[in-house]
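In what follows, a single structure is set out as structure tokens and then discussed.
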Amino acid sequence: MKLKTMPLGALGANSHILWNEQTNQAVVFDCGGEEHKIIEFLEQCELELKYIILTHGHSDHIMGVNALAKATGAKVIAHVEERDVLEDAAKNYSGMFGGDRLTVHADEYINGDEARSLIGYDFKFYHTPGHTRGGMCIEVEGQLFSGDTLFKGSIGRSDLYGGDMKVLMKSLQKLLKLSHRLNVHCGHGPSTTLRDEAKYNPFLQ
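Position one of the sequence shown corresponds to residue 24 (the numbering used here), numbered consecutively onward.
Following this line, the structure appears as structure tokens:
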């Protein structure tokens with residue numbers, strides 16, 4: 024397994040590209056814009072993008088999704104509780120910063136917590152609401168993709184549509200029950216480990 028992280032779009036949200044070196048099949052977690060950079064990387068490495076997995080539906084994580092899916096034929100996966108955000112430009116805040124108003128229609132929806140086999144790996148999808156109602160974190164091969172639920176030294180905000188601090192704190196406690204050996208790849212900023220966040224993140228003490 025290999026991994027490449029690209030901060031993209033107006034707010035520099037991280038897109039994480041994960042691929043299987045044996046099959047050259049890939050998934051992308053979130054795409055907040057500048058999808059041409061992902062496409063160029065895929066072509067350079069001769070990768071086939073199979074899935075675009077959305078940690079949540081805010082515009083800074085989805086602005087490039089439709090174009091990326093159209094260019095590659097990849098299927099979009101999101102949590103079913105995020106459907107209303109994805110399909111309503113007012114709720115996903117697209118257009119607020121001068122960009123286009125955008126809606127995204129996922130091809131497949133996760134319901135609750137699920138496990139799926141994708142590109143030769145076992146993916147575990149955890150419903151982690153609080154930043155949004157349908158936020159989710161995804162575990163695969165010792166890596167955890169946390170979206171805007173958990174950051175290095177911080178956590179996601181809960182004052183936007185669908186946010187709830189009490190619910191977010193429950194989601195964070197859910198994550199702390201996972202292996203602390205997991206590497207955590209966040210929606211913004213640097214990666215970290217669950218061990219370090221459990222020990223040093225002031226919001227988790």
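Glycine included, each C-beta is placed from N, C-alpha and C at the ideal position.
Item                                                                                                                                                                               : Value
Please state whether DSSP places R124 in a helix, a strand or coil.                                                                                                                : coil
Check K98 in the structure and name its three-state DSSP category.                                                                                                                 : strand
Might you give, ordered along the chain, the residues of its own chain that have their beta carbon closer than 7 Å to the beta carbon of K189, omitting 5 neighbours on each side? : none
Measure how close the beta-carbons of C54 and G80 come, nearest whole angstrom, since I'm counting them as under 8 Å.                                                              : Not quite, the Cβ-Cβ distance comes to about 12 Å (not below 8 Å), so this is no contact.
Which runs of the alpha helix (DSSP H) at least 4 residues long sit entirely within the region 53–104? Give them in chain order.                                                   : 58–67, 82–85 and 88–95
How long is the line joining the alpha carbons of A33 and M119, rounded to whole angstroms?                                                                                        : 12 Å
What is the DSSP secondary structure of Y149, reduced to helix, strand or coil?                                                                                                    : strand
Quick check: the Cα distance between I178 and I40, rounded to an integer number of angstroms?                                                                                      : 22 Å
Identify every residue that forms a DSSP beta bridge with M159.                                                                                                                    : H150
Could you name the residues of the same chain whose beta carbon sits closer than 8 Å to that of E69, not counting the 5 residues immediately before and after it, in chain order?  : N47
Quick check on DSSP: helix, strand or coil for S38?                                                                                                                                : strand
When the Cα of E44 is compared with those of I142, R180 and L198, which residue comes out closest?                                                                                 : I142
What does the Cβ neighbour count give for A113, buried or exposed, with the cut at 16 atoms within 10 Å?                                                                           : exposed
Check each candidate in K60, Y149 and G165 and name the one with the smallest Cα separation from K193.                                                                             : Y149
Where does the unbroken alpha helix (DSSP H) through Q196 begin, and where does it stop?                                                                                           : M188 to L199
Would you tell me roughly how many angstroms separate the C-alpha atoms of G210 and T172, rounded to the nearest one?                                                              : 8 Å
Give me whichever residues DSSP pairs with V50 in a beta bridge.                                                                                                                   : L41 and Y74
Just list the residues that DSSP pairs G170 with in beta bridges.                                                                                                                  : C209
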